[in-house]
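Chemist: So for the sequence shown, the working numbering puts the first residue at 6; every next one is plus one. Please find one structure pasted underneath; my questions will follow.
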Amino acid sequence: LMRMTEVSFKAGETVCEQNSEGDYFYILKTGACAVIRKLTTKGKVVKLADLLAGETFGEEALISGKKRNASIVMTHDGTLMRLSKDDFLSLMNQPVVQYIETKDAVAMHLKQQAIWIDTRLPNEYMLGHLKNSVNVPLVTLRMKLKQMDNKRKYLLYCDNGSRSSAAAFLMSSRGFESYVLEGGMESLPPSILEKSA
6 LMRMTEVSFK
16 AGETVCEQNS
26 EGDYFYILKT
36 GACAVIRKLT
46 TKGKVVKLAD
56 LLAGETFGEE
66 ALISGKKRNA
76 SIVMTHDGTL
86 MRLSKDDFLS
96 LMNQPVVQYI
106 ETKDAVAMHL
116 KQQAIWIDTR
126 LPNEYMLGHL
136 KNSVNVPLVT
146 LRMKLKQMDN
156 KRKYLLYCDN
166 GSRSSAAAFL
176 MSSRGFESYV
186 LEGGMESLPP
196 SILEKSA
């Protein structure tokens, strides 16, 4: 907490812009904001979620190293606590995200102790995925968590582990027990993958 700084925003101001570099992890202290995503450069804007005091955002770009996949716009005046990327990765991400090796993950799934979640986009999922996995793209995960059972365990994967790590942080911060497949799909033999019809 000593490494966090407090910043204030007015209603209508943008905290994070879609397609910008990830620089901070945020905790909403007061006020409210919306997570919005522009589907195409000229397309309509879709609201993905409303965030209230106590909720967090910004971790996805920091963990994955990719540009932000959505914008955060204040809907009410508020204050946020923010933590720099370096501090976030060393202080919060590493202690929270749990990784699991392929053989252990497969054994856990076969014993029906956990559900496979593929955090890639639907078109990637169609080209090849683990049998009996559920496709929950990282960009929609925040919305889907309300429908998921927090008494179950989840095995998360993507192509190389970056998106699934971001998903695991998000799930863990909301009380879910989740594990990231070490190395992602790149660590799996092609023989255990299947394509959608």
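Beta carbons are placed, not taken as given, at the ideal position from N, Cα and C, and that holds for glycine. Computed from a prediction, not measured in an experiment: that's the story for all the values here.
1) Quick check: what's the CA-CA separation for LYS151 versus ILE41?
2) List in chain order: all unbroken alpha helix (DSSP H) runs of 4+ residues lying wholly within the stretch 77-105.
3) Should ALA16 be counted as a contact of the ligand NAP given a C-beta to heavy atom distance under 6 Å?
4) Which whole runs of the beta strand (DSSP E) in the stretch 29-78 are 3 residues long or more, in chain order?
5) Quick check on this structure: which residue in MET9, THR10, PHE30 and ALA37 has the alpha carbon closest to the alpha carbon of GLY17?
6) Residue ranges of each alpha helix (DSSP H) run of no fewer than 4 residues wholly in the stretch 108-192, ordered along the chain?
7) Excluding the 5 residues preceding and the 5 following LEU56 in the sequence, name in chain order all residues of the same chain whose CB lies nearer than 8 Å to its CB.
8) Is SER13 helix, strand or coil by DSSP?
9) Assess contact between the stretch 110-128 and the stretch 46-53, defined as three or more Cβ pairs (one per stretch) separated by less than 8 Å. Is contact present?
10) Mind reading off the beta-carbon distance from GLU64 to LEU175? Whole number of angstroms is fine, and I expect it under 8 Å.
11) Decide if ASN74 is buried, meaning its Cβ has at least 16 other Cβ atoms within 10 Å, or exposed.
12) Inspect the beta-carbon positions of TYR159 and ILE120 and report whether they are closer than 7 Å.
13) So LYS72 and SER25 are in contact, right, with Cβ under 8 Å, and what is the actual spacing, rounded?
14) Can you give the Cα-Cα distance for MET79 and LEU115, rounded to whole angstroms?
15) When the Cα atoms are used, what is the spatial distance from PHE93 to ALA171?
16) Which residues in the same chain have their Cβ closer than 7 Å to the Cβ of GLY27, if we skip the five residues on either side of it in sequence?
17) By Cβ distance below 6 Å, which residues in the same chain neighbour LEU135 in space, the five residues on each side in sequence not counted?
18) From GLU191 to SER69, what does the alpha carbon distance come to, in whole angstroms?
Modeler: Here's the rundown:
1) What you label residue 151 is simply residue 146 of the sequence shown in a count that begins at 1. What you label residue 41 is simply residue 36 of the sequence shown in a count that begins at 1. Annotation: LYS151 to ILE41 spans about 18 Å, alpha carbon to alpha carbon.
2) Within the stretch 77-105, the complete alpha helix (DSSP H) segments of 4 residues or longer fall at 90-93, listed in chain order.
3) In the structure shown, the ligand NAP is absent, as is every other ligand, since no ligand is present at all.
4) 29-43 and 50-57
5) As a first step, residue 17 is located in the sequence shown; it is residue number 12 there, counting from the start. Here the closest residue by C-alpha is ALA37.
6) 127-132, 143-149 and 167-177
7) As a working mapping, residue 56 is identified with position 51 in the sequence shown. So the qualifying residues of the chain are LEU33, ALA37, CYS38, ALA39, VAL40, PHE62 and ILE77.
8) Taking the sequence shown and counting its residues from 1, one reaches residue 13 at position 8. Under the three-state reduction of DSSP, SER13 is assigned to strand.
9) no
10) For this step, residue 64 is matched to residue 59 along the sequence shown. For this step, residue 175 is matched to residue 170 along the sequence shown. Yes, they are in contact, since the Cβ atoms of GLU64 and LEU175 sit about 6 Å apart, within 8 Å.
11) As a working note, residue 74 is residue 69 in the sequence shown. Burial of ASN74 is indicated by the presence of at least 16 other C-beta atoms within 10 angstroms of its C-beta.
12) Counting from 1 along the sequence shown, the entry for residue 159 is found at position 154. Counting from 1 along the sequence shown, the entry for residue 120 is found at position 115. Contact: yes.
13) Residue 72 sits at position 67 when you count from the first residue of the sequence shown. Residue 25 sits at position 20 when you count from the first residue of the sequence shown. Yes, they are in contact, since the Cβ atoms of LYS72 and SER25 sit about 6 Å apart, within 8 Å.
14) Working through the sequence shown from its first residue, we reach residue 79 at position 74. Working through the sequence shown from its first residue, we reach residue 115 at position 110. Whole-angstrom Cα-Cα distance: 44 Å.
15) Position 88 of the sequence shown holds residue 93. Position 166 of the sequence shown holds residue 171. Cα to Cα, the separation comes out at about 12 Å.
16) As a working mapping, residue 27 is identified with position 22 in the sequence shown. Only GLY63, ALA66, LEU67, ARG73 and LYS90 meet the Cβ criterion.
17) Residue 135 sits at position 130 when you count from the first residue of the sequence shown. Same-chain partners within the cutoff: TRP121.
18) Here the question's residue 191 lines up with position 186 in the sequence shown. Here the question's residue 69 lines up with position 64 in the sequence shown. So the alpha carbons of these two residues sit roughly 16 Å apart.
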